[in-house]
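Numbering (mature numbering (1 follows the signal peptide of the UniProt record, and there is no 0)), first residue to last: -19 to -1, 1 to 270. Using N, Cα and C, we set each Cβ at its ideal position, and we do this for glycine too.
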Amino acid sequence: MSSFTLLSCLVLTVWSVSASAVAAASGGADETRNKRSDDTSPLQVVVDTLSQQVTSLSAKFDALQNSVDARLATQQSACDAKVAALETKQSAALLENNRVAFRVASGSGVSAYNSYVTGSNCGCASNSYLSRDRYYRSSFLDSWPSCLIDTVRVTLIENGHEMAFVEFNGRGSTSTDWFSENRVLNTSWTDLRTQPHNFFSIAGDPGNNRRFFMEHSYGGCAADSGWLVVVEGDDGCTWGQGSALPIILYSKRSGAVLWEHTADVGRADEMVITVKLRDGVNLSQSCSP
């Protein structure tokens, strides 16, 4: 029974008893007229009793409400803890058997392209999706032992969750040409391998400051469509503008989207590039000539 139903029943009971008492008091009014004026009237007794009962009922209702609030707060805390644990487990699963080669945060103020290609190495957050104040670049990008590499994965993270990904064949690749349409092995976008592209590279479209660019077609700002772009500077289209750069835009649908359709476009918190090594190899192994 809900607290509101309990309160309603108690109030009806009190008023029922009070009504009977008032009727009895009215019936005996003639008998009390001759009593001393300082005697308390039966009606006043009923009113006082009713007031006491209402006060008691109100106190019980407050106690019940406090108990319900405390129980809800406890359940919410337990739920929040489970969600946090799940997100931590998910992040760990993303990194399992993978080496983080690069990551960049949206709005961090650094160029994703320059940081990836020529940036200084930063070891501040090599295996973490939680610290988003700067980019991470592994020295692995400088050596890029392609004979040891199995796959390379681009993952887009928003609110701690993987929102989209592309997995590439990294065997025999360089540190930049793995990001190409003919190397795609698996992806969350079902049409990425079947639709044509006018840009598909890390360099992207430098004239428009669009890097890590997977674009389907240009047709004027309203008709531009694609899957992924990292905007690093002034963009001629409103869909690529923002106050905090870089901006990591991606398709929230199963395929390419029009960038101007904001409901279909996500803004990732970060982009992470991980490398999976081939089975049975280690980083101390050197490639044969």
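Tell me D186's beta-bridge partners as DSSP assigns them. Stepping through the sequence shown from its first residue, residue 186 is reached at position 205. Per DSSP, R191.
For residue 271, collect the residues of the same chain with a Cβ closer than 6 Å to its Cβ; drop the 5 residues on either side in sequence, then sort them by chain order. The question about residue 271 has no answer, for the chain in this structure spans -19 to 270.
Output the distance between the C-alpha atoms of C202 and E162, rounded to the nearest integer angstrom. Position 221 of the sequence shown, counted from the first residue, corresponds to residue 202. Position 181 of the sequence shown, counted from the first residue, corresponds to residue 162. Looking at the two C-alpha atoms, the distance is approximately 23 Å.
Distance CB(V241)-CB(W220) smaller than 8 Å: Along the sequence shown, read from residue 1 onward, the residue named residue 241 stands at position 260. Along the sequence shown, read from residue 1 onward, the residue named residue 220 stands at position 239. What sits at residue 241 in the sequence shown is Glu, not Val. Yes. Within cutoff.
Y116 and V91 look like a contact to me (Cβ under 8 Å); what is the Cβ gap, rounded to whole Å? Indexing the sequence shown from 1 puts residue 116 at position 135. Indexing the sequence shown from 1 puts residue 91 at position 110. With a Cβ gap of about 5 Å, Y116 and V91 count as contacting.
Cβ-based burial, T168 [other Cβ within 10 Å; buried from 16]: Along the sequence shown, read from residue 1 onward, the residue named residue 168 stands at position 187. By the neighbour-count rule (16 or more Cβ atoms within 10 Å), T168 is buried.
Could you tell me which residues DSSP pairs with H178 in its beta bridges? Start at 1 with the first residue of the sequence shown, and residue 178 comes out as number 197. DSSP output for H178 lists no bridge partner at all.
Using the three-state DSSP reduction, which class does D245 fall into: helix, strand or coil? Translated into positions along the sequence shown, residue 245 becomes position 264. Helix at D245.
So the alpha helix (DSSP H) V98 belongs to, where does it begin and stop? Locating residue 98 in the sequence shown gives position 117, counting from the first residue. 93 to 98 is the extent of the alpha helix (DSSP H) around V98.
Please classify S232: does DSSP put it in a helix, a strand, or coil? For the purposes of this step, residue 232 is taken as the residue at position 251 of the sequence shown. Reduced to three states, the DSSP call for S232 is strand.
Buried or exposed: A44, going by 16 or more other Cβ atoms within 10 Å of its Cβ? Sequence index remark: in the sequence shown, residue 44 carries index 63 (1-based). Exposed is the call here.
Excluding sequence positions up to five away, which residues of its chain have a Cβ less than 6 Å from the Cβ of S154? Locating residue 154 in the sequence shown gives position 173, where the first residue counts as 1. Excluding residues within five positions, the ones whose Cβ falls inside 6 Å are S127.
R52 - DSSP class collapsed to helix/strand/coil: Within the sequence shown, residue 52 is the residue found at index 71, counting from 1. It is helical.
Simplified DSSP assignment, three categories, for A237: Within the sequence shown, residue 237 is the residue found at index 256, counting from 1. Here A237 sits in coil by DSSP.
Residues that DSSP places opposite F160 in a beta bridge: Here residue 160 refers to the residue found at position 179 when the sequence shown is read from its first residue. Its beta-bridge partners do not exist; DSSP assigns none.
Whose C-beta lies closer than 8 Å to the C-beta of N140 among residues of the same chain, with five residues either side of it excluded? Taking the sequence shown and counting its residues from 1, one reaches residue 140 at position 159. Excluding positions up to five away in sequence, the list reads D250.
Inspect the beta-carbon positions of V82 and L53 and report whether they are closer than 8 Å. Along the sequence shown, one-based indexing puts residue 82 at 101. Along the sequence shown, one-based indexing puts residue 53 at 72. Note that residue 82 is Ala in the sequence shown, not Val. No, the pair does not count as a contact, with Cβ atoms beyond the cut-off.
In whole angstroms, what is the alpha-carbon distance linking G185 and D260? Within the sequence shown, the letter at position 204 stands for residue 185. Within the sequence shown, the letter at position 279 stands for residue 260. Those two C-alpha atoms are separated by around 32 Å.
Can you tell me the Cα-Cα spacing of W(-5) and D50, whole angstroms? Taking the sequence shown and counting its residues from 1, one reaches residue -5 at position 15. Taking the sequence shown and counting its residues from 1, one reaches residue 50 at position 69. Since pLDDT at W(-5) reaches only 49, below the 50 mark, its modelled position is unreliable, and the value read off the structure follows with that caveat. Near 29 Å, if we compare the C-alpha coordinates of D50 and W(-5).
What residue does the beta strand (DSSP E) around D205 start on, and which one ends it? Counting from one through the sequence shown, the residue named residue 205 turns up at place 224. Where D205 is concerned, there is no enclosing beta strand (DSSP E), given that its DSSP letter is neither H nor E.
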